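Student: Residue numbers (this note's numbering): 5 to 272. C-beta atoms are modelled at their ideal positions from N, C-alpha and C, and glycine is treated no differently. As the structure is a prediction and not an experimental result, all values here were calculated from the model.
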Ligand SMILES: [Zn+2]
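1. What runs of the alpha helix (DSSP H), each 4 residues or longer, lie entirely inside the region 111 to 188?
2. So is residue 90 buried or exposed if we call it buried at 16+ other beta carbons inside 10 Å?
3. Can you tell me whether residue 30 is helix, strand or coil according to DSSP?
4. Going by the beta-carbon positions, is the gap between residue 146 and residue 215 smaller than 8 Å?
5. How many angstroms separate the CA atom of residue 6 from the CA atom of residue 32?
6. Roughly how many whole angstroms lie between the Cα atoms of residue 44 and residue 102?
7. Could you tell me which of 105, 95, 60 sits nearest to residue 81, measuring between CA atoms?
8. Quick check: is any heavy atom of ligand 1 less than 7 Å from the C-beta of residue 1?
9. Roughly how far, in whole angstroms, is the beta-carbon of residue 55 from the beta-carbon of residue 100, given that I think they are within contact range, below 8 Å?
10. Does residue 157 pass the burial test, meaning 16 or more other C-beta atoms within 10 Å, or should it be called exposed?
11. Please check the pair residue 38 and residue 68, which I expect to be a contact at CB under 8 Å, by giving their CB distance rounded to whole angstroms.
12. Does any CB atom of chain B fall closer than 8 Å to the CB of residue 241?
13. Please give me, in chain order, every unbroken run of the beta strand (DSSP E) with length at least 3 that falls completely inside the region 194 to 231.
14. Check whether the Cβ of residue 232 lies closer than 7 Å to any heavy atom of ligand 1, and answer yes or no.
15. Please list, in chain order, all residues of the same chain as residue 245 whose beta carbon is under 7 Å from its beta carbon, the five residues on each side excluded.
16. Are the CB atoms of residue 124 and residue 79 within a distance shorter than 8 Å?
17. Return the first residue and the last residue of the beta strand (DSSP E) that residue 37 is part of.
18. Look at the alpha carbon of residue 197 and the alpha carbon of residue 231, and state the distance between them as a whole number of angstroms.
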């Protein structure tokens, strides 16, 4: 009897690591994302770190970052000189600010992987990068063409398409940001769908939307000028859900639970 129990125990111990490795192997491969940042007017040194940590904490995504181009609006960054610049990545996040680059051939190189089906996520000044290239291919990829922005002051953000998967599971609906920049909507292409609008003074514009660029999913938000906005949990949740939706993987296999920090009750 003792011998039987020992054998049973040994079998159990042997089977444990196998069971553990099997459970690990059931998890999906993490999404590989490339965050491209650099250019004018923004604190990309801080924002690239905040975005990487914020996204990786919220989803099974590994974010690699490339920061190039210094602080100039006219930089053609070395990354895009390689025709295979996006190879190995499941999604690209554009968080750059190169508004004076208007070379259509250069923009075509940037858009090549997206035309081939790699999803895109575009943050803030990415909506102004490449917007002056004459063929307007970058704004068509985005779904909205913006040409200017308002002052640095709060934006009242409100959600519209609340049944869209990105918003349906979002923990917030409305948000009055701190100081931010409201980008205008010069052209709204019919391939896009507005998710959120923002009001700043008398201006009221789409600030978050999705687009179909051919068969490629594209998510964009023009929010994200200041570090306070980018590091806000509401922003990081929105961007993470947008990224997962663009990859068609907005589901429980990829979302990580974020611990809810209870709001402190006022002391009287
Ligand atoms: Zn800005």
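Tutor: Here's the rundown:
1. 141 to 146, 169 to 172
2. As a first step, residue 90 is located in the chain shown; it is residue number 86 there, counting from the start. With 16 or more Cβ atoms within 10 Å of its Cβ, residue 90 is classed as buried.
3. By 1-based counting over the chain shown, the position of residue 30 is 26. If DSSP states are grouped into helix, strand and coil, residue 30 belongs with coil.
4. Working through the chain shown from its first residue, we reach residue 146 at position 142. Working through the chain shown from its first residue, we reach residue 215 at position 211. Yes, the Cβ-Cβ distance between residue 146 and residue 215 is below 8 Å.
5. Start at 1 with the first residue of the chain shown, and residue 6 comes out as number 2. Start at 1 with the first residue of the chain shown, and residue 32 comes out as number 28. Here the model assigns residue 6 a pLDDT of 48, short of 50, so the residue's position is not dependable, and the following value carries that caveat. When rounded, the distance between both Cα atoms is 42 Å.
6. For the purposes of this step, residue 44 is taken as residue 40 along the chain shown, with counting starting at 1. For the purposes of this step, residue 102 is taken as residue 98 along the chain shown, with counting starting at 1. Cα to Cα, the separation comes out at about 7 Å.
7. Counted from its first residue, the chain shown places residue 81 at position 77. Comparing Cα-Cα distances from residue 81 to each of 105, 95, 60, the minimum goes to 105.
8. Only positions 5 to 272 of the chain appear in the structure, and residue 1 is not among them; the question remains open.
9. Reading the chain shown from its first residue, position 51 is the one you call residue 55. Reading the chain shown from its first residue, position 96 is the one you call residue 100. Not confirmed; about 12 Å, so no contact.
10. Translated into positions along the chain shown, residue 157 becomes position 153. Exposed, by the Cβ-count rule.
11. In the chain shown, residue 38 corresponds to position 34, counting from 1. In the chain shown, residue 68 corresponds to position 64, counting from 1. Contact flag correct, Cβ pair sits at about 5 Å.
12. Although the question refers to chain B, the structure presented lacks it and comprises just one protein chain.
13. 196 to 204, 207 to 217, 220 to 225
14. If you number the chain shown from 1, residue 232 lands on position 228. Checking every heavy atom of ligand 1 against the Cβ of residue 232, none is found closer than 7 Å.
15. As a first step, residue 245 is located in the chain shown; it is residue number 241 there, counting from the start. So the qualifying residues of the chain are 170, 173, 174, 254.
16. The sequence position of residue 79 within the chain shown is 75, counting from 1. The sequence position of residue 124 within the chain shown is 120, counting from 1. Cβ atoms of residue 79 and residue 124: not closer than 8 Å.
17. Working through the chain shown from its first residue, we reach residue 37 at position 33. From DSSP, the beta strand (DSSP E) with residue 37 extends over 35 to 43.
18. Start at 1 with the first residue of the chain shown, and residue 197 comes out as number 193. Start at 1 with the first residue of the chain shown, and residue 231 comes out as number 227. Each residue's alpha carbon lies about 27 Å from the other.
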